[in-house]
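S.K.: Here it is, the structure, as structure tokens.
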Amino acid sequence: MERTLRGAMKVKRLRNVPWVSGMLVVINVIVFLMCTFSGNVLYNKGELDVVSVLAGKQYGRLLWAMFLHAGIEHIFNNMVLLFFLGAMIEKVTGHVTFLVLYFLSGIGGNLCSLLVKLLQMDYSASVGASGAIFGLDGVPVSYTHLRAHETTLHL
């Protein structure tokens, strides 16, 4: 009985640890280090640009660009925000929901970026997790708004 209780307590503690946020940070840092030492190989394969995605039908760039960063300041700022904001959101939403929100935000941000680039006839490339981070910024705001609206409906 005591052994089962200890096991249940370990599982509960693991649920409260924001390990998905931490893993995303680790993956981003590893990819950044790989880019630093391999030159432009990964950037050429994953940066987000209108021509490659729309004309070249390389839709994976909507995802891959989220893991590429343009410099140490860029990755540092994104990863600090991802770690702390992500940990907060992950504790509230759970691991799987957080991961889904992260990727939907990132891909949605990259789609918006492509649309703006297309409308402005801007053929430059972009990289970074900023779309995902900004999408995560909206989660607490949306959650608060929905909770306030829910409370108002039940009064």
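Going by this note's numbering, the first residue of the sequence shown is number -17, and it counts up by one from there.
We treat Cβ as the ideally placed atom computed from N, Cα and C, and that holds for glycine.
Since this is a predicted model, take the numbers as computed values, not measurements.
I want to know whether the stretch 16 to 32 touches the stretch 78 to 88 - three or more CB-CB distances under 8 Å.
M.R.: No: fewer than three Cβ pairs fall under 8 Å.
S.K.: Mind checking which residues open and close the alpha helix (DSSP H) that includes residue 105?
M.R.: Residue 105 -> no alpha helix (DSSP H), and no H or E assigned at all.
S.K.: To the nearest angstrom, how far is the alpha carbon of residue 129 from that of residue 123?
M.R.: Spanning the two alpha carbons is a distance of roughly 10 Å.
S.K.: For residue -2, is the classification buried or exposed, using 16 other Cβ atoms within 10 angstroms of its Cβ as the cut-off for buried?
M.R.: Classification of residue -2: exposed, given that the 10 Å Cβ count is below 16.
S.K.: In angstroms with no decimal places, state the Cα-to-Cα distance between residue 51 and residue 57.
M.R.: Between residue 51 and residue 57, the C-alpha separation is close to 6 Å.
S.K.: When you compare the stretch 2 to 16 with the stretch 62 to 78, are there three or more beta-carbon pairs, one atom per stretch, that lie closer than 8 Å?
M.R.: Yes: at least three Cβ pairs fall under 8 Å.
S.K.: Within its chain, find whatever has a CB closer than 6 Å to the CB of residue 77; leave out the 5 residues flanking it on each side and keep chain order.
M.R.: Same-chain partners within the cutoff: 2.
S.K.: Considering only the alpha carbon of each residue, which of 110, 75, 105 lies closest to residue 59?
M.R.: When only C-alpha atoms are compared, the closest one is 110.
S.K.: Just checking my contact of residue 91 with residue 112 at CB under 8 Å: how many whole Å lie between their CB atoms?
M.R.: Residue 91 to residue 112, Cβ: 7 Å. Contact.
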